[in-house]
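Peer 1: Numbering (UniProt numbering), first residue to last: 2 to 138.
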Ligand code: GTP
Ligand code: MG
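(1) Count the CB pairs spanning the region 22–35 and the region 47–63 that are closer than 8 Å, and state whether there are at least three.
(2) Specify, as a first and last residue, the run of the alpha helix (DSSP H) that residue 130 falls within.
(3) Hey, could you find the ends of the alpha helix (DSSP H) residue 60 is sitting in?
(4) Based on the DSSP secondary-structure assignment, which residues constitute the bridge partners of residue 72?
(5) Would you list the one or two residues that DSSP bridges to residue 32?
(6) For residue 72, verify whether its CB is less than 7 Å away from any heavy atom of the ligand GTP.
(7) By the three-class DSSP mapping on this structure, what secondary structure does residue 134 have?
(8) Could you tell me whether the region 36–45 touches the region 83–94, where touching means 3 or more Cβ pairs closer than 8 Å?
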């Protein structure tokens, strides 16, 4: 597929990195299909990350993801999911390659600045979680 889904997470919003991150994403050739500023409730954050509900960090992850505003977006580029995962870098910024978004902007393995879908199937599910038909171009 040529689409993926992303969120600029609360830490990056709080640290004033949203503009720089969107600039980097668009300069890498991703086109915006949908974009919004929003805030997840704890319930919605738990639903979004339901796959991790048995993990020891689930409660902290839900609290973190719902603590402040985020920017959600659907992005389009050839080979979007894999290409975007390369651009954001490893989950833990300590392990992320030089120049990746997480290496540059993330604070920690939890407060890691940005989300990227991990499969075409999840990209569709996650995009549909945030955006209806009329919110897409
Ligand atoms: P996403 O793009 O956000 O899905 O990150 P990912 O695919 O690189 O990592 P994963 O799906 O495994 O984990 C989801 C999110 O949970 C991460 O991005 C972190 O915010 C958080 N997380 C992952 N591992 C840990 C951990 O060991 N401790 C804590 N506190 N948070 C973690
Ligand atoms: Mg993931």
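Glycine included, C-beta positions come from ideal geometry on N, C-alpha and C.
Peer 2: So, from the data block:
(1) Between the region 22–35 and the region 47–63 there are fewer than three inter-stretch CB-CB distances shorter than 8 Å, so the stretches are not counted as touching.
(2) First-last of the alpha helix (DSSP H) with residue 130: 121–131.
(3) That run of the alpha helix (DSSP H) goes 59–66.
(4) In the DSSP output, where bridge partners are listed per residue, residue 72 has 9, 38.
(5) Answer is 77.
(6) No, Cβ of residue 72 sits at least 7 Å from all heavy atoms of the ligand GTP.
(7) In the structure shown, the three-state DSSP call for residue 134 is helix.
(8) Taking 8 Å as the limit for Cβ pairs, the verdict is that the region 83–94 does not touch the region 36–45.
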